[in-house]
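Shown next, in structure tokens, is the structure this report addresses.
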Amino acid sequence: MDKAKVLETRRLLAFIAVFEEGSFTAAAARMGMAQPALSIAISKLEAQLGTPLLIREPRGVKATAAGLLLSQRAYEIIGLIESTVEEVATVEQHPTGEVAIGLPSSTAAVLAIPLVERLAKTYPGIRLRLVESFSGYLWDWLLNGHIDIAVVFNQASRPEIISTPFAWEKMHLIGKALPGEANAPIEAGQLTGLPMVMPSRKQSFRDTIEHHIQKQGGTLDVQIEIDAGHQLIKLICSGRFYSILSPGSVAHEISTGQLQARPLAQPLERAICLAQRRLRHQATAVRCVTDELLSEARALIVAGVWDARIEAPLCT
Numbered sequence: 001m002d003k004a005k006v007l008e009t010r011r012l013l014a015f016i017a018v019f020e021e022g023s024f025t026a027a028a029a030r031m032g033m034a035q036p037a038l039s040i041a042i043s044k045l046e047a048q049l050g051t052p053l054l055i056r057e058p059r060g061v062k063a064t065a066a067g068l069l070l071s072q073r074a075y076e077i078i079g080l081i082e083s084t085v086e087e088v089a090t091v092e093q094h095p096t097g098e099v100a101i102g103l104p105s106s107t108a109a110v111l112a113i114p115l116v117e118r119l120a121k122t123y124p125g126i127r128l129r130l131v132e133s134f135s136g137y138l139w140d141w142l143l144n145g146h147i148d149i150a151v152v153f154n155q156a157s158r159p160e161i162i163s164t165p166f167a168w169e170k171m172h173l174i175g176k177a178l179p180g181e182a183n184a185p186i187e188a189g190q191l192t193g194l195p196m197v198m199p200s201r202k203q204s205f206r207d208t209i210e211h212h213i214q215k216q217g218g219t220l221d222v223q224i225e226i227d228a229g230h231q232l233i234k235l236i237c238s239g240r241f242y243s244i245l246s247p248g249s250v251a252h253e254i255s256t257g258q259l260q261a262r263p264l265a266q267p268l269e270r271a272i273c274l275a276q277r278r279l280r281h282q283a284t285a286v287r288c289v290t291d292e293l294l295s296e297a298r299a300l301i302v303a304g305v306w307d308a309r310i311e312a313p314l315c316t
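Under the UniProt record's numbering, the sequence shown has 20 at position 20, and the numbering climbs by one with no breaks.
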């Protein structure tokens, strides 16, 4: 038990702040403490552990191998402390508290309303704050601690974030009136010359799409870049532009006949991931929201409402 005294909560929190910010100055501002006091706290932690945790560089700090290991353990320790405090305080009550969750526009189109209704019925004590944006922005907000959970695409876990794929969806050519035979797969070469509206390169999957099309002998004529889901769909509905999207992102427009979708002849899939901050993933309210999100997503996929699949793609 004596060794446990080394890892004081306040010093772990100080270390996490410096680790995430990459700067003592920024971490001190975040913690609301003087920089010298923060430096002393980290120095004492390093002295007690008997090893350097951070390397001071001209433009900030980076973690040593020992620091990276401590960061993983620190998230688990602080997360367990927070969830324990919350669970003890509410052991005889229903889960309460606010959970901030981010959904990409394409996912929100099919998941947002069913999820909100499900949570309101199952956990009325949880206050849900729902944020809709593109995957790249949600990932940044998750890293910065502005949201607790996010659905993102093709993102791997990091020391401060747990990211787990739970479904996969194929990308399609979307347009008001598509060239060629209806519902038939479209070759990459047929995309050349079509005026495209696409998310910006801030969304990492944009580059994946273009590289995939180029590899198959086609090119994308991207005339407009837009990181606003509803406006992007309006531009496609105008009939002047096409895009490469998942059918789920325009499920309503397809069902009402406003838009059409054709799969790519050389399929391209993206992983739909549930990402959570390690500091919050053990909190009771966050766990409840996570479980309900996954259950609702799977129910929508099984029912055919969400054009995605739960099984992992086969390795080739």
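Ideal Cβ positions, reconstructed from N, Cα and C, are used throughout, including at glycine. Nothing here was measured: the structure is a model prediction, and the numbers come from that model.
Where residue i falls: helix, strand or coil (DSSP)
i: Ala-308; result: coil
i: Glu-92; result: A caution first: Glu-92 carries a pLDDT of 46, below 50, which makes its placement in the model unreliable, though a value can still be read off. Note: Glu-92 maps to coil in three-state DSSP.
i: His-146; result: coil
i: Ile-186; result: strand
i: Lys-62; result: strand
i: Glu-160; result: coil
i: Pro-124; result: coil
i: Gly-218; result: coil
i: Arg-30; result: helix
i: residue 389; result: The displayed coordinates of the chain run from 1 to 316. Any statement about residue 389 would go beyond what the structure contains.
Per DSSP, the bridge partner or partners of residue i
i: Cys-288; result: Bridge partners of Cys-288: none, in fact.
i: Phe-153; result: Ile-272
i: Ala-167; result: Ile-272
i: Ser-243; result: Ile-174
i: Gly-102; result: Val-131 and Ala-150
i: Ala-261; result: Ile-174
i: Arg-56; result: Val-61
i: Val-197; result: Ile-224
i: Gly-97; result: Ile-126
Short Cβ contact (8 Å threshold) for residue i with residue j
i: Arg-287; j: Glu-76; result: no
i: Met-198; j: Ile-244; result: yes
i: Ala-285; j: Thr-96; result: yes
i: Leu-45; j: Leu-53; result: yes
i: Val-61; j: Gly-22; result: yes
i: Arg-118; j: Glu-8; result: no
i: Ala-265; j: Glu-169; result: no
i: Ala-47; j: Met-31; result: no
i: Leu-294; j: Lys-176; result: no
Residues of its chain near residue i, where Cβ-Cβ distance is below 7 Å and the 5 sequence neighbours each way are ignored
i: Ala-184; result: Arg-262
i: Ala-299; result: none
i: Ile-209; result: Met-171, Ile-244 and Leu-268
i: Glu-98; result: Arg-127 and Arg-129
i: Glu-20; result: Glu-160
Sequence-distant residues of its chain with Cβ nearer than 8 Å to residue i (five each side left out)
i: Asp-221; result: Thr-192, Gly-193, Leu-194, Pro-195 and Met-196
i: Gln-190; result: Pro-179, Gly-180 and Gly-218
i: Glu-92; result: For Glu-92, the predicted structure reports a pLDDT of 46, less than 50, and the residue's modelled location is therefore unreliable. A value from the coordinates is still provided. Around Glu-92: no qualifying Cβ.
i: Ala-66; result: Leu-49, Thr-51, Pro-52 and Leu-53
i: Thr-290; result: Ile-149, Leu-274, Gln-276 and His-281
i: Pro-124; result: His-94
Same chain only: Cβ atoms within 6 Å of residue i, ignoring 5 sequence neighbours per side
i: Phe-153; result: Ser-135, Phe-205 and Arg-270
i: Pro-159; result: Ser-71 and Gln-72
i: Leu-314; result: Reliability of the predicted coordinates at Leu-314 is poor, the pLDDT of 46 falling under 50, and no value is obtained from them.
Worksheet item: Is the region 266-276 touching the region 200-218 in the sense that three or more CB pairs, one from each, lie closer than 8 Å?
Response: yes
Item to complete: Give a yes or no on contact between the region 229-236 and the region 245-255, applying the rule of three or more CB pairs nearer than 8 Å.
Response: yes
Worksheet entry | Stretch-stretch touch, CB-based, cutoff 8 Å, three pairs: the region 94-108 with the region 122-142 | yes
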